[in-house]
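Heads up, the numbering used here is the position in the sequence shown plus 14, with the first residue counted as 1.
Even for Gly, the Cβ is constructed at its ideal location relative to N, Cα and C.
What follows is a set of notes on a single structure, which appears directly below.
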Amino acid sequence: MANNPVNTARPIKFNNDGKLKIIHITDTHMEDENIDYTLVLIARACDIEKPHIAIITGDNVLNYDDPEKTKGYISRFMEIFSSRKIPVAITFGNHDSEVGPLSRRELMEYYNSFDCSITNDNGKELAQSGTFNIPVLSSDGKEMKYNLWVFDSGDYDKEGHYGCVSPEDVEWYKKKSDQITEQNGGKVYSLAFQHIIVPEVYDVLKKVNKHKLYSFSHMYNKKDYYMFDPDQVNFGTLNETPCCGFPNYGQFDAMVEKGDVLGIFSGHDHTNAFGVKNKGIDIVNSLSTRYNGDRFSTMYGYRILEVDEKDTSRYTSYNMHWYNMYSKEDIKNLKATTDDFTVRTAVLVRRKGRIQKLHTKIGRGFTKIFTGRKVTYNA
Ligand SMILES: [Fe+2]
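Take a look at the structure:
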């Protein structure tokens with residue numbers, strides 16, 4: 015199974031200008047209360063960013079008792095990408111198949127019924143349905159220039175802790191990485207995407223013995239607190255405990271050994287938008303891409319990653335918060351061009367977002383005054 019060539023998705027290409035722009039969408043948690051708002055904002059994000067590919071890393075849509083309702087929501091979500099001709103890669107989180115009758119395989123089959131899905135797995139071959147790689151060809155289409163890994167990091171272990179990438183999928187990664195290196199006459203750089211962050215994130219955070227402002231207790235050892243280590247590379251903001259998997263089948267170590275992965279991008283921890291570097295690999299968390307209609311969730315959003323085929327050993331990345339997405343001018347233009355609900359959402363996000371931004375700024379400002387510590391870095 016691990017060698018099965020169907021674990022490789024349809025390839026994509028660098029754009030004609032040699033660039034690859036990825037939008038990382040995660041934890042959309044679409045359900046009755048938020049789906050309408052969330053879809054408006056994701057559509058807006060796609061129109062602003064014009065990404066070449068969307069990678070969706072799980073906890074996507076609530077799996078309702080009525081499978082037709084779940085499928086209806088998935089359909090509305092996929093239609094955003096289909097109508098804009100944006101290829102989509104999907105994997106799952108801990109919640110996708112937690113409730114409701116649809117299994118991961120059935121969900122994957124349905125996602126794959128949309129023409130924008132590049133996930134080749136039809137739900138019948140892979141250990142967890144959502145682990146595959148996406149070759150990225152050079153802009154002239156002549157060679158494989160880059161690679162994107164998408165991993166299904168599972169849901170829970172038997173004791174109910176968060177899961178991780180399975181041993182079979184780690185083995186598959188190792189073999190596939192070797193195969194790609196061999197076929198291309200050398201290492202092909204890559205980025206990896208998955209729902210649950212790797213536990214090695216804690217290795218490069220600073221352990222503190224007692225709770226300090228903006229330090230967080232370890233996911234499985236509540237006595238130890240962690241915060242950014244000023245002696246390590248940090249970017250973005252650590253807002254909550256990284257909820258990594260409890261078991262660990264060596265995914266991160268395998269990536270260090272192979273040396274082809276520049277960064278692992280996760281979701282799962284909705285308010286975390288940060289990155290740390292461990293053994294040459296960026297361990298990054300992206301914000302939840304949903305909007306609940308309240309002030310707080312205007313600080314959610316999405317992540318953009320950009321790669322240039324001229325130098326694939328580097329990439330750039332940043333977060334966009336919903337509260338930065340609409341100017342006064344944008345709203346005026348929207349009023350002339352789109353439907354009432356879209357305009358109402360934009361007005362709501364802008365109004366509540368301005369209050370949230372102020373709130374965040376004051377909170378961080380006070381932290382700096384009282385602790386001398388900067389808790390928001392460049393995102
Ligand atoms: Fe999650």
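Determine the burial state of residue i: buried for a count of at least 16 other Cβ atoms within 10 Å of its Cβ, exposed for fewer.
i	result
N161	buried
S231	exposed
A350	exposed
K190	buried
K237	exposed
P149	buried
E47	exposed
N29	exposed
H373	exposed
Y332	exposed
N347	exposed
P115	exposed
S127	exposed
S229	buried
Y340	buried
I383	exposed
F146	buried
N292	buried
T303	buried
F355	exposed
N253	buried
T330	exposed
Quick check: the Cα distance between residue i and residue j, rounded to an integer number of angstroms?
i	j	result
I36	I210	19 Å
D110	Y124	13 Å
N17	K188	Note that N17 scores a pLDDT of 42, beneath 50, so its modelled location is shaky; the value from the coordinates is reported in the next line. Near 10 Å, if we compare the C-alpha coordinates of K188 and N17.
P244	H225	17 Å
D129	M92	9 Å
G107	H282	7 Å
V222	G289	19 Å
N77	K324	42 Å
M15	V164	Confidence at M15 is low in this model, with a pLDDT of 37, below 50, so its placement is unreliable and no value can be given for it.
T84	R119	14 Å
M233	T255	6 Å
I318	N338	14 Å
D154	L34	13 Å
E157	L151	5 Å
Y176	S167	9 Å
E214	S300	17 Å
T326	V275	11 Å
Y203	I62	27 Å
N248	Y216	12 Å
Y51	T359	6 Å
T381	I297	25 Å
E343	M334	18 Å
D31	T251	32 Å
M122	H66	21 Å
I104	A68	9 Å
V361	I94	21 Å
I173	G294	The question names Ile, but residue 173 in the sequence shown is Glu. Computed Cα separation, rounded: 32 Å.
Please list the terminal residues of the continuous beta strand (DSSP E) segment that includes residue i.
i	result
V275	V275 to S280
W163	M158 to F165
N299	I295 to N299
S191	First-last for S191: P181 to Q197, but that is the alpha helix (DSSP H), not the beta strand (DSSP E).
V321	G315 to D322
K291	A287 to N292
N248	N248 to T251
N333	D325 to H335
M233	No beta strand (DSSP E) holds M233; DSSP gives it neither H nor E.
M339	Taken as a continuous stretch (DSSP letters only), M339 belongs to no beta strand (DSSP E), as it is neither H nor E.
F310	Note, F310: premise wrong, no beta strand (DSSP E); not H, not E.
Y305	From DSSP, Y305 is part of no beta strand (DSSP E); its letter is neither H nor E.
F260	It is not in any beta strand (DSSP E) - F260 carries neither H nor E in the DSSP assignment.
Y239	Y239 to F242
Please report the residue range of the alpha helix (DSSP H) in which residue i lies.
i	result
L372	D354 to T385
A268	Q265 to K272
L227	That residue, L227, is in no alpha helix (DSSP H); it is neither H nor E in DSSP.
V218	Run containing V218: none; DSSP gives neither H nor E here.
K172	Looking at the DSSP string, K172 is not in any alpha helix (DSSP H), and its letter there is neither H nor E.
I210	That residue, I210, is in no alpha helix (DSSP H); it is neither H nor E in DSSP.
L348	K342 to T351
Do three or more CB pairs link the region 174-184 to the region 261-268 at distances below 8 Å?
yes
Does the region 73-88 come close enough to the region 26-46 that 3 or more CB-CB pairs lie under 8 Å?
Yes, the region 26-46 is in contact with the region 73-88.
Given 8 Å as the limit, is there contact between the region 355-374 and the region 298-309, that is, 3 or more CB pairs closer than that?
yes
Cβ pair count under 8 Å reaching 3, the region 48-64 against the region 87-104:
yes
Output the residue ranges of the beta strand (DSSP E) runs that lie fully inside the region 33-57 and measure 3 residues or longer, sorted by chain position.
List check, beta strand (DSSP E) in window: 33-39.
Looking at C-beta atoms only, is the number of pairs between the region 310-320 and the region 21-30 that lie closer than 8 Å three or more?
no
At what residue ranges does the region 61-145 contain a whole run of the alpha helix (DSSP H), taking only runs of 4 or more?
81-97 and 118-125
Do the region 194-212 and the region 271-285 meet, that is, are 3 or more Cβ pairs less than 8 Å apart?
yes
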